[in-house]
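**Student:**
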Amino acid sequence: MPFFSSERAPIITYLHLHESDKFSIGIFCLPPTSVIPLHNHPGMTVFSKLLFGTMHIKSYDWANEKIGSTNGEAIDPKGNPDGLRLAKRKVNSEFTAPCKTSILYPADGGNMHCFTAKTACAVLDVLGPPYCDPDGRHCQYYHEFPFSKFSVENLCLPSEEEKEGYSWLQERELPEDLSLVGVPYNGPKIVKK
């Protein structure tokens, strides 16, 4: 299929299968080296299934717990004036189909994730409820920074190893280099019974 050609720029194709006020279903077709940048699914549960190919997935959840400090005070991980917010990494691995379906919950399971295609691959996504700007469920993209890039006075994590599991995320505009094209789905219709 032309959606997976490595001879063209890494354009990601989205086949929109179905949408209702309760959920949406779609398939992302990624040619080799293409990337869906780090983004979120606010207030949504997402089922993602790698249909074929190999993909690297990195995902985060917000570090909502208060993190201790050397002076005994709690440090709020929810951000600072620079818009940075602490996130805890949930997944940083390569997956090859067939593999298990991943489930992202609104506050757990890696609600913010990034997909990098190692080979041509396709991902089926079911979102419940679907994105909806008026209801506050809009896609936000993020820059990712290593934990060590910013110093936090008196921050006390149990070990150096644990620090590796945290990163700072900062909201960003829609990435200019993201090439995502929607195409019509011409397969069987999904109907209510």
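Heads up: the sequence shown at position 158 corresponds to 158 in the UniProt record's numbering, and the numbers run straight through without jumps. For each residue, glycine too, the CB sits at the ideal point set by N, CA and C.
(1) Between the beta-carbon of His-39 and the beta-carbon of Gln-170, is there less than 8 angstroms?
(2) With DSSP collapsed to three states, give me the class of Phe-147.
(3) For a test of the three-state rule: what should DSSP assign to Lys-49, helix, strand or coil?
(4) If you count every other CB in all the chains shown that lies within 10 Å of the CB of Ile-190, and 16 or more means buried, which is it?
(5) Between the C-alpha atoms of Phe-145 and Leu-15, what's the straight-line distance to the nearest angstrom?
(6) Which of the three DSSP states, helix, strand or coil, is assigned to Pro-37?
(7) What is the DSSP secondary structure of Gly-43, reduced to helix, strand or coil?
(8) Is the beta carbon of Gly-165 closer than 8 angstroms to that of Lys-88?
(9) Could you check whether the segment 93-100 touches the segment 29-48, counting it as contact only if at least three pairs of C-beta atoms, one from each stretch, sit closer than 8 angstroms?
**Tutor:** Taking the coordinates as given:
(1) Residue mapping note: residue 39 aligns to position 39 of the sequence shown, counting from 1. Residue mapping note: residue 170 aligns to position 170 of the sequence shown, counting from 1. Not closer than 8 angstroms, so no.
(2) Numbered from its first residue, the sequence shown carries residue 147 at position 147. It is helical.
(3) For the purposes of this step, residue 49 is taken as the residue at position 49 of the sequence shown. It is a strand residue.
(4) The count along the sequence shown starts at 1 and reaches residue 190 at position 190. Exposed: under 16 other Cβ atoms inside 10 Å.
(5) Counting from one through the sequence shown, the residue named residue 145 turns up at place 145. Counting from one through the sequence shown, the residue named residue 15 turns up at place 15. So the two alpha carbons sit approximately 32 angstroms from each other.
(6) Taking the sequence shown and counting its residues from 1, the one referred to as residue 37 is at position 37. Reduced to three states, the DSSP call for Pro-37 is strand.
(7) The count along the sequence shown starts at 1 and reaches residue 43 at position 43. Three-state DSSP puts Gly-43 in coil, outside helix and strand.
(8) Taking the sequence shown and counting its residues from 1, one reaches residue 88 at position 88. Taking the sequence shown and counting its residues from 1, one reaches residue 165 at position 165. In contact: Lys-88 and Gly-165 (Cβ atoms closer than 8 angstroms).
(9) no
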